[in-house]
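Here's the structure, in structure tokens; my notes come after.
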Amino acid sequence: MKELQYLNKYFVKYKYSFLLGIVFTIIAQIFMLFTPKLISKSFKVIEAFAKDKTIAKSVIQAELVSNILLIIATTIIAGFLTFLMRQTLIVMSRHIEFDLKNEVFRQYENLSQNFYKQNRTGDLMNRISEDVSKVRMYVGPAVMYTINTAIRFTIVIVYMYNVSPRLTLYTLLPLPILSYAIFKLSSEINVRSTIFQQYLSKVSSFSQEIFSGIRVIKAYSMENQHQKNMVNLANESKSKSLNLAKVQSLFGPLMLALIGVSNLVVIYFGGLMYIDGTIKNIGTIAEFILYVNMLTWPVASLGWVSSMVQEAEASQKRLNEFLKVEPEIKNNNENKSVIDGSISFENVSYTYEDTNITALNGISFTVKKGETLAILGKTGSGKSTILSLISRMYDVSDGKITIDKNEISTINIFDLRNSIGIVPQDAFLFSDSIKNNIMFGKENATDEEVKSAAKSAVVHDNIMGFNKQYETVLGERGITLSGGQKQRVSIARAIIKNPPILLFDDCLSAVDTQTEEAILNNLDEICKDKTTIIVSHRVSSAKNADKIIIIDNGQIVQQGSHNQLINQEGYYSALYLKQLSEKEMI
1 MKELQYLNKY
11 FVKYKYSFLL
21 GIVFTIIAQI
31 FMLFTPKLIS
41 KSFKVIEAFA
51 KDKTIAKSVI
61 QAELVSNILL
71 IIATTIIAGF
81 LTFLMRQTLI
91 VMSRHIEFDL
101 KNEVFRQYEN
111 LSQNFYKQNR
121 TGDLMNRISE
131 DVSKVRMYVG
141 PAVMYTINTA
151 IRFTIVIVYM
161 YNVSPRLTLY
171 TLLPLPILSY
181 AIFKLSSEIN
191 VRSTIFQQYL
201 SKVSSFSQEI
211 FSGIRVIKAY
221 SMENQHQKNM
231 VNLANESKSK
241 SLNLAKVQSL
251 FGPLMLALIG
261 VSNLVVIYFG
271 GLMYIDGTIK
281 NIGTIAEFIL
291 YVNMLTWPVA
301 SLGWVSSMVQ
311 EAEASQKRLN
321 EFLKVEPEIK
331 NNNENKSVID
341 GSISFENVSY
351 TYEDTNITAL
361 NGISFTVKKG
371 ETLAILGKTG
381 SGKSTILSLI
391 SRMYDVSDGK
401 ITIDKNEIST
411 INIFDLRNSI
421 GIVPQDAFLF
431 SDSIKNNIMF
441 GKENATDEEV
451 KSAAKSAVVH
461 DNIMGFNKQY
471 ETVLGERGIT
481 LSGGQKQRVS
491 IARAIIKNPP
501 ILLFDDCLSA
511 VDTQTEEAIL
521 NNLDEICKDK
531 TTIIVSHRVS
541 SAKNADKIII
551 IDNGQIVQQG
561 SHNQLINQEG
571 YYSALYLKQL
581 SEKEMI
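Yeah, the sequence shown ends on 586 if you go by UniProt numbering, and it's all consecutive.
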């Protein structure tokens, strides 16, 4: 139960619902106990009539009818109170489920890029869905039935003891066996439940990866191989599920068997006590049998409850693994920060923790507000890492980054990112309309602003060619569009935001040179008063920049303007001549 202690804060938050549910449970159990008493009373009336025939039959009938009406009334009241109990405690569990899912989601949002490199999407999805659902069963049904069982046991045993202490002792003899059985089975369920949840995450992760890469799988004709892999993984998961089910299935029969034994004990010892006169009324035996059977469901539910608790313990442990992780990137300033746009790198180095690769090594440069910086270099030279550091997706390993002469770690992280419009190398679009994807950069944008941004990104004509135009709903990750169209919609999303800083990460690689030229011309006008950094492999994207730097192995090997660099021997002039010759050949 150690892992489940994390949920205590939610019980405190919803303490009034919790306490009200307990009150309803207590009152409901008291009303349910009227039935055995009234039945015992009815037996006494019948027994008295059998011994004394002078009692008027109409009096007996009136007494019995009165008892029956009372049984019906108390049963209805008990049922209504049980309904209120369920409405209170189960609804409370749904609120806790809602809060926990939001807490997990917020934690996922706060965790850094490194976290997502080390964990698979399917596993993360399984934890926020399946694991939270298992935990909900603990805070709802498990807690409700535990309270119900504890209160019913307490009240029923007190009533039984008041009627006959000796017969109560006989009736409770099987309970130590029950307690031991629950302890042993619960321990085994905990182990098997943890293993099953792990395999469920594996199935989710595998499925998610296959669905995301279905085009590659089809292109390589690997459907049969992945189908076999899925069948093997599903069979392993099924095997773990059956192992868990086998243990869980022992609870019901065991509980019912012990209740049956208790009934036999009541009949046998109760009969002997009635014969020797210890029990004066045969109705007492009937009353005890009803008490024992009232304990049937609570006792039988102990197995189910124990199973739910063990599964919830295993699931909450998996959730706690993430909930207790401290985000690497923290907001160190809650005050509002106003971003103007000048950026400075001072001997910045960065090493990726997961691979131990040094992406940047002593980088220094400055970009003033309104200037455009172009960054070129070979694949893996560290260009994209620079953009990630500016938006604080990572924190520098060494050196210092300042924005408007303020160290980046001292700026409110939300204001920083709101002041940046970034177009990533791998354009990501949501499964939503094209309009909403563009408006992601500015949620309150007008239709005219959306169209203006699309025109600047030279994608408006393509959109107007679709049947539903801007209302066209894209497939997952924007699969409906071509690579170039996705990049241009992503550019429109950054433009509409109108931020002081624009970061373009090789975002024109999938468009033709004519479209690239049109977009760059539009960007020249848009970026006049903005700080702009363009990462590219093309000289055509960089030639109009105020400053160009060439990165190689995480270090700046060349820097200057276009005219300066083409007259220097090195990477830039070689790339310029190569791309110029390719253009002439076309």
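Every residue, glycine too, gets a C-beta built ideally from N, C-alpha and C.
For the putative contact between residue i and residue j, defined by C-beta atoms under 8 Å, what is the C-beta separation to the nearest angstrom?
| i | j | result |
| --- | --- | --- |
| residue 93 | residue 23 | Going by Cβ atoms, the distance from residue 93 to residue 23 rounds to 17 Å, so no, they are not a contact pair. |
| residue 144 | residue 90 | 7 Å |
| residue 174 | residue 258 | 5 Å |
| residue 475 | residue 431 | 6 Å |
| residue 438 | residue 492 | 5 Å |
Do you know how far the Cα of residue j is from the Cα of residue i?
| i | j | result |
| --- | --- | --- |
| residue 459 | residue 192 | 54 Å |
| residue 559 | residue 354 | 31 Å |
| residue 381 | residue 104 | 35 Å |
| residue 511 | residue 427 | 13 Å |
| residue 2 | residue 312 | 11 Å |
| residue 240 | residue 472 | 44 Å |
| residue 79 | residue 28 | 7 Å |
| residue 450 | residue 420 | 18 Å |
| residue 610 | residue 292 | As displayed, the chain neither begins before 1 nor continues past 586, which places residue 610 out of reach and without an answer. |
| residue 181 | residue 169 | 20 Å |
| residue 217 | residue 479 | 15 Å |
| residue 443 | residue 436 | 8 Å |
| residue 137 | residue 224 | 38 Å |
| residue 371 | residue 542 | 13 Å |
| residue 13 | residue 19 | 12 Å |
Which of helix, strand or coil does DSSP assign to residue i?
| i | result |
| --- | --- |
| residue 340 | coil |
| residue 487 | helix |
| residue 547 | strand |
| residue 400 | strand |
| residue 505 | strand |
| residue 345 | strand |
| residue 457 | coil |
| residue 445 | coil |
| residue 250 | coil |
| residue 558 | strand |
| residue 67 | helix |
| residue 367 | strand |
| residue 423 | strand |
| residue 552 | strand |
| residue 533 | strand |
| residue 111 | coil |
| residue 359 | strand |
| residue 511 | coil |
| residue 121 | helix |
| residue 45 | helix |
| residue 588 | No answer is possible for residue 588: the residues shown for the chain start at 1 and end at 586. |
Shortest alpha-carbon distance to residue i belongs to which of the options?
| i | options | result |
| --- | --- | --- |
| residue 294 | 347, 16, 243, 37 | 37 |
| residue 187 | 314, 482, 9 | 314 |
| residue 161 | 284, 517, 263 | 284 |
| residue 278 | 165, 224, 206 | 165 |
| residue 64 | 411, 74, 43 | 43 |
| residue 98 | 429, 129, 124 | 129 |
| residue 4 | 213, 267, 318 | 318 |
| residue 507 | 116, 481, 537 | 537 |
| residue 206 | 237, 269, 487 | 237 |
| residue 554 | 250, 115, 243, 352 | 352 |
| residue 557 | 467, 581, 383 | 383 |
| residue 516 | 463, 456, 481 | 456 |
| residue 298 | 83, 204, 147, 479 | 147 |
| residue 254 | 301, 76, 424, 332 | 301 |
| residue 113 | 409, 329, 287, 396 | 329 |
Checklist entry - Do three or more CB pairs link the region 498 to 518 to the region 527 to 545 at distances below 8 Å? => result yes
Checklist entry - Is the number of C-beta pairs between the region 482 to 500 and the region 514 to 529 that are closer than 8 Å three or more? => result Yes, the region 482 to 500 touches the region 514 to 529.
Next on the checklist: Closer than 8 Å is the cut-off here; do at least three beta carbon pairs connect the region 362 to 373 with the region 548 to 555?
Outcome noted: yes
Checklist entry - Touching or not, the region 102 to 116 and the region 317 to 327, by the rule of three or more beta carbon pairs under 8 Å? => result Yes, they touch.
Item to check | the region 398 to 413 / the region 559 to 570 touching (three or more Cβ pairs under 8 Å) | outcome: no
Item to check | Cβ pair count under 8 Å reaching 3, the region 566 to 578 against the region 367 to 384 | outcome: yes
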